[in-house]
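First the structure, in the form of structure tokens, and then the observations on it.
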Amino acid sequence: MSDDPSPSRKSWLSRLGLERKNVTLNNWNTELTLLQKEGKIDSEAVSMIRSVLSSQTLTVRDIMVPRAHMISVAIDDDFDESLQKIIQSGHSRIPVLAEDHEEVQGILLTKDLLHKMRDPSIDVATLLRPVEYVPEGKYVIAQLNEFRAKHSHMALVVDEYGAVSGLVTIEDIIEQIVGEIDDEHDFIPADEEIEVEQVDENHYIVDAKMSLEEFNERFGTHFVKDEVETISGLVMTQVGFLPNAHSEVVIDELKFKVLPYDGKMLDKLEVEPNKQSGNDS
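Counting with this note's numbering, you get residues 117 to 397 for the letters of the sequence shown.
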């Protein structure tokens, strides 16, 4: 494999002034360290860039959850037992196995279990989402782009013989680059008031953990996303990654501006009409 950076790497390196120094993959770590010592870039940015560059050569196999460690339920399992297993796992998406416990029949979103809980006569099979398959050797960055394009969050990984060898999620990939993040389904406790601050007319600051349902009720919107339940999840799904502070994301006729936050989870969002949409009322 050539030591020359790929086009995507070059775009990153050129912004840092490294491309002009003819930096190869063998010495960009040294150059990043020098830039940090010169005060041109901080340690957190260095860590992030190193992760991004390293991720360029990672495959799905490198970061997947092996099949032996996958948490799944079977279509013929007792519902109450499956429900407890899913709750204890803390996952928002669970592979559902066929009766032979080998073939994966579909993906179950935990929120869809509410339909079954309300109406026990519902067949769980009717709640399953289609399974997406990806080969082990697919590059992580390519899979991230595919997740973004399809607005999907989970895929099963198959080996060269077509057998399921593990699973990968968009969160796995993002964590590989930016570190561990909180799930978009981590809600504010029910007894904790969600703050909505009105800055001026049609200009608000909201908590990023505000549920889509509550946001829709408060602002008269109709956001619906099968895979997310909070405004934070909506924004992250729209752009496909954890946006930087001060980033602006336009969704329908609203503009969301990311306010500064600590760690790997959005905190507050400015919300106002997108003036370019022509609807400023």
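A virtual CB, placed ideally from N, CA and C, is assigned to each residue, including glycine. Every value quoted in this text rests on a predicted model; they were computed, and no experiment measured them.
For Tyr-249 and Ser-281, the gap between their C-alpha atoms comes out near 11 angstroms. In this structure the stretch 237 to 245 lies against the stretch 213 to 224, because at least three pairs of beta carbons, one per stretch, are closer than 8 angstroms.
Between the C-alpha atoms of Glu-197 and Ala-184 there is a straight-line separation of about 20 angstroms. Distances from the alpha-carbon of Phe-263 to those of Ile-290, Glu-252, Ala-279 put Ile-290 closest. Between the beta-carbon of Arg-177 and that of Gly-253 there is about 7 angstroms, and that keeps the pair under the 8 angstroms contact cut. Met-233 carries a helical assignment under DSSP once its states are collapsed to helix, strand and coil. In this structure, the straight-line span from the alpha carbon of Ala-190 to that of Val-312 is close to 42 angstroms. Looking at the DSSP output, Lys-384 shares a beta bridge with Asp-323. Apart from sequence neighbours up to five positions away, the residues of its chain that approach Ile-157 with a beta-carbon distance below 6 angstroms are Leu-151, ordered along the chain. Residue environment for Val-315: exposed (fewer than 16 other C-beta atoms within 10 angstroms of its C-beta). Apart from the 5 residues on each side of it in sequence, Asn-332 sits with its Cβ closer than 8 angstroms to the Cβ of His-338, Phe-339 in its chain, given in chain order. A direct Cα-Cα distance of roughly 43 angstroms separates Leu-272 from Asn-318. When the beta-carbon positions are compared, Ile-203 and Ile-187 stay at least 8 angstroms from each other. Shown here for Leu-375: same chain residues with a beta carbon closer than 6 angstroms to its own, the five before and five after excluded, namely Lys-384 in chain order.
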